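Just below is one structure, and these are the notes that go with it.
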Amino acid sequence: MTENIGLQAAAIVDEKIREFRSLQEELNTHRSDLGTLMAQRNENELVKQELDVCGQEASEGSDSVIYKQVGPVLIKNGLDEARETVDKRLEFISGEM
Numbered sequence: 010m011t012e013n014i015g016l017q018a019a020a021i022v023d024e025k026i027r028e029f030r031s032l033q034e035e036l037n038t039h040r041s042d043l044g045t046l047m048a049q050r051n052e053n054e055l056v057k058q059e060l061d062v063c064g065q066e067a068s069e070g071s072d073s074v075i076y077k078q079v080g081p082v083l084i085k086n087g088l089d090e091a092r093e094t095v096d097k098r099l100e101f102i103s104g105e106m
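Next comes the structure, spelled out in structure tokens:
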């Protein structure tokens with residue numbers, strides 16, 4: 010009977026260890042995803058700052074041309090449209106975090 014209790018305890022411990030490892034893997038996945046989202050947010054915030062500079066230059070009469078990459082091609086993009094796109098991306102990224 011003592012052996013049976015020992016085997017049951019060992020089985021319970023083994024199951025808890027499997028659960029713990031599963032949770033560790035899940036945590037690592039979430040950390041990795043968070044790191045990716047933070048990098049994307051920082052990149053988009055830098056783009057937003059650059060668009061603000063372009064807006065200031067445009068108000069001073071300087072021509073600023075903005076391009077959007079679609080696949081391997083660059084397409085001319087308006088300043089307001091670019092700002093809107095970046096704002097939507099930042100909103101989406103913040104929602105995912």
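Counting from 1 along the sequence shown, just add 9 to a position and that's the residue number in the working numbering. Beta carbons are placed, not taken as given, at the ideal position from N, Cα and C, and that holds for glycine. Owing to the predicted nature of the structure, the values given are computational and were not obtained by experimental measurement.
Straight-line Cα distance separating residue j from residue i
| i | j | result |
| --- | --- | --- |
| residue 42 | residue 102 | 11 Å |
| residue 22 | residue 33 | 16 Å |
| residue 74 | residue 86 | 8 Å |
| residue 5 | residue 79 | It is not possible to answer for residue 5, since the shown part of the chain is limited to 10 through 106. |
| residue 15 | residue 29 | 21 Å |
| residue 19 | residue 38 | 29 Å |
| residue 13 | residue 44 | 47 Å |
Nearest to residue i (by Cα), restricted to the options the options
| i | options | result |
| --- | --- | --- |
| residue 89 | 63, 26, 28 | 63 |
Whole-number beta carbon distance between residue j and residue i, since they are thought to touch under 8 Å
| i | j | result |
| --- | --- | --- |
| residue 60 | residue 27 | Wrong, their Cβ atoms sit about 50 Å apart, outside the cutoff. |
| residue 95 | residue 53 | 5 Å |
Residue j beta carbon less than 8 Å from that of residue i
| i | j | result |
| --- | --- | --- |
| residue 106 | residue 46 | yes |
Counterpart residues of residue i in DSSP-defined beta bridges
| i | result |
| --- | --- |
| residue 86 | 75 |
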